[in-house]
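In my numbering, the protein residues as written are 38 to 481.
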């Protein structure tokens with residue numbers, strides 16, 4: 038990977054070649070070492086080191102953007118020249134937000150040397166093989182085990198510079214028998230003390246063993262226990278459809294007209310905090326603005342919304358530093374942390390007389406953003422709980438539910454939480470036990 042000064046040199050070169058235009062440069066540099074396994078065998082080892090330079094040139098109400106992975110002087114000069122040349126042919130795109138001017142410098146180095154040293158490709162392969170060797174021949178494992186280094190750098194023609202560096206581990210584990218009964222986990226960690234791959238692998242295997250002879254149940258309202266992966270699926274959808282200022286401005290969010298009012302159970306608190314050790318330590322956004330902590334939901338009350346510069350400009354507010362360089366979505370909270378409860382997930386299960394345990398969802402879609410109504414299918418393990426024990430597997434079901442209703446029907450929140458990769462960044466969430474959760478379809 039390029040070092041910090043080399044990345045800053047790219048910004049200086051681009052600004053110099055932009056001929057006095059309002060110029061903004063975003064550099065995303067990532068090195069990723071991926072181990073992929075299938076049929077209980079490691080079959081792929083890939084290393085990729087990519088630096089992407091995004092250049093924005095603004096002239097009045099015209100905005101031209103160009104990206105390149107060629108950061109040689111010739112490659113950069115070509116990208117700048119093309120961005121400037123395109124201005125002539127572009128229509129006015131409305132008032133452009135002013136570039137960030139202060140503070141002049143923000144730098145954050147969250148690189149964890151112990152994480153890098155402990156999770157080399159050889160150590161990950163060894164740990165993975167040991168886990169795979171524990172499986173009987175009747176079960177097969179699939180997934181990935183990834184170590185990533187990341188650097189994000191921003192600079193503009195106002196002399197502003199930003200730099201952040203970090204690293205993380207992601208792994209997915211799917212264990213299935215030859216009849217398709219499966220279980221799954223997807224975790225992301227920045228702190229090596231929180232990583233226990235073998236424990237996660239064993240848990241997935243134990244659940245896969247239970248996912249046999251699945252029975253069919255009828256659609257209806259049930260008490261469910263959603264594991265963290267399922268909760269993260271829901272929260273990630275809410276983060277970009279409902280928790281953004283732009284969605285409220287467009288009257289497409291269930292929070293429209295409801296700020297500072299109670300919308301969820303008082304035990305629900307959701308923040309966006311880049312300084313939480315279980316999220317991505319990124320102190321600025323993709324426009325270079327300092328990232329503010331948001332109290333999105335505080336004890337059930339809707340408080341803060343995420344802004345980028347355009348949504349802030351639309352209502353005369355200040356950006357909260359949540360641009361993801363996708364203006365059509367507005368600012369998005371990417372470091373979401375949900376407060377935990379008092380009981381661990383295992384105890385919640387043991388103390389449940391009758392419930393359905395859901396591992397995760399897929400094929401999720403928004404039915405009605407104004408009521409936070411989502412739909413999706415269960416996947417990789419649905420289980421019937423009776424008298425505190427898993428008694429049988431259940432065939433996959435479709436849910437259709439308003440999260441306004443679901444998050445007001447909270448029975449329990451687990452004390453243990455997991456970091457789960459999402460559309461952008463990480464989500465750190467507990468499991469939730471929810472009453473009156475609606476399944477609207479069944480599978481054969």
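Heads up, the beta-carbon is just placed ideally off N, CA and C, and yes, glycines get one too.
Exposed unless 16 or more other CB atoms sit within 10 angstroms - verdict on residue i
i	result
residue 248	buried
residue 458	buried
residue 110	exposed
residue 296	exposed
residue 251	buried
residue 391	exposed
residue 294	exposed
residue 291	buried
residue 140	exposed
residue 315	buried
residue 211	buried
residue 478	exposed
residue 238	buried
residue 345	buried
residue 170	exposed
residue 227	buried
residue 400	exposed
residue 463	buried
Supposed close pair residue i, residue j - CB separation, criterion 8 angstroms
i	j	result
residue 436	residue 427	Not a contact, Cβ separation roughly 19 angstroms.
residue 398	residue 267	5 angstroms
residue 438	residue 474	6 angstroms
residue 451	residue 385	6 angstroms
residue 310	residue 343	12 angstroms between Cβ atoms; not a contact.
residue 209	residue 71	Actually they do not touch by this definition, with Cβ atoms about 11 angstroms apart.
residue 206	residue 183	7 angstroms
residue 431	residue 261	About 11 angstroms separates the two Cβ atoms, so there is no contact after all.
residue 88	residue 108	6 angstroms
residue 176	residue 245	6 angstroms
residue 358	residue 329	5 angstroms
residue 79	residue 172	That belief does not hold up - the Cβ atoms of residue 79 and residue 172 are roughly 14 angstroms apart, past 8 angstroms.
residue 264	residue 412	About 19 angstroms; that fails the 8 angstroms criterion.
residue 348	residue 455	Going by Cβ atoms, the distance from residue 348 to residue 455 rounds to 30 angstroms, so no, they are not a contact pair.
According to DSSP, residues forming a beta bridge with residue i
i	result
residue 69	85 and 185
residue 361	None, per the DSSP bridge assignment.
residue 176	214
residue 203	187
residue 439	410
residue 478	435
residue 274	DSSP, once it has assigned bridges, lists no residue as partnering residue 274.
residue 321	327
residue 154	Paired residue(s): none; residue 154 is not in a bridge.
residue 208	182 and 224
residue 402	412
residue 289	According to DSSP, residue 289 bridges with nothing at all.
residue 421	393 and 429
residue 281	343
Straight-line gap, residue i to residue j (C-alpha atoms, nearest Å)
i	j	result
residue 403	residue 46	43 angstroms
residue 356	residue 281	11 angstroms
residue 155	residue 476	43 angstroms
residue 195	residue 96	15 angstroms
residue 414	residue 306	26 angstroms
residue 445	residue 471	9 angstroms
residue 67	residue 90	12 angstroms
residue 299	residue 133	35 angstroms
residue 351	residue 59	21 angstroms
residue 82	residue 302	46 angstroms
residue 98	residue 64	24 angstroms
residue 103	residue 468	42 angstroms
residue 151	residue 157	10 angstroms
residue 257	residue 243	28 angstroms
residue 190	residue 371	17 angstroms
residue 274	residue 327	24 angstroms
residue 28	residue 193	In the structure as shown, the chain starts at 38 and stops at 481, and residue 28 therefore has no counterpart that could be examined.
residue 332	residue 121	40 angstroms
residue 145	residue 318	8 angstroms
residue 163	residue 174	19 angstroms
residue 222	residue 54	48 angstroms
residue 442	residue 408	9 angstroms
residue 39	residue 69	14 angstroms
#### Entry: Contact the region 232-239 vs the region 404-421: 3+ CB pairs below 8 angstroms
no
### Task
Examine the Cβ distances between the region 194-203 and the region 118-129 and report whether three or more of them are shorter than 8 angstroms.
Segments in contact, no.
### Message
Across the region 320-330 and the region 345-362, are there enough close Cβ pairs to call them in contact, namely three or more that are closer than 8 angstroms?
### Response
yes
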